[in-house]
Amino acid sequence: MMLDPADLRLLAALQRDSTLTAQDLSAALNMSASQAGRRRQRLEAEGYIAGYRAHLSPEKVGLTVEAFIQIVMATHTAQNAQDFVRLTRSRAEIVGAWTLTGDADYLLRVYCPDLTALNDLVQQVLLPHPAVSRVQSQIVMERVKPDAPLPV
């Protein structure tokens, strides 16, 4: 189904503030609260809205080190990929994982309480994994642009 301009405005508004009520959306979209509420429910049911969550401050919850880690696989087999993906899903400090083109096979985004915890993740978890050949990490010094809404 194609999204109309009102759907796109609703999605953009919810990305900025997912706590908006149907009444709030009605004012922003220039439609009745019931219409705005029905649109929101339809977009949820159709999977355009994948869910809602609170954005936490990493520093406030004690996660002072953010890093990106590139992983090069030892060999490219289906079993190695499955094992490594299972590892990424089992570790809470790995908050994002992507497969890549180029030199690295995976890119991980991690949050740790300190450099010791990051070192432990790299030295005791990632490097010893049989599917991993090489690990390269980059520690975030400053976030100049936070995760932004999708450009709808």
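Residue numbers (this note's numbering): 52 to 203.
Glycine is no exception: its CB is placed at the ideal position from the N, C-alpha and C atoms.
query                                                                                             : result
7 Å CB neighbourhood of S76 in its chain, flanking five on each side removed                      : In the sequence as presented, Ser is not what sits at residue 76; that position holds Leu. Cβ within range, chain order: L61, A64, A87, R91.
Cα-Cα separation between N131 and V176, rounded to whole angstroms                                : 15 Å
Segment contact flag, the region 187-201 with the region 131-147, C-beta cutoff 8 Å, min 3 pairs  : no
S77 - DSSP class collapsed to helix/strand/coil                                                   : helix
Endpoints, alpha helix (DSSP H) assigned at T150                                                  : Unbroken run through T150 is the beta strand (DSSP E), 145-150; no alpha helix (DSSP H).
Y162 beta carbon less than 7 Å from that of E144                                                  : yes
Sufficient close CB pairs (3 or more, under 8 Å) joining the region 105-124 to the region 163-173 : yes
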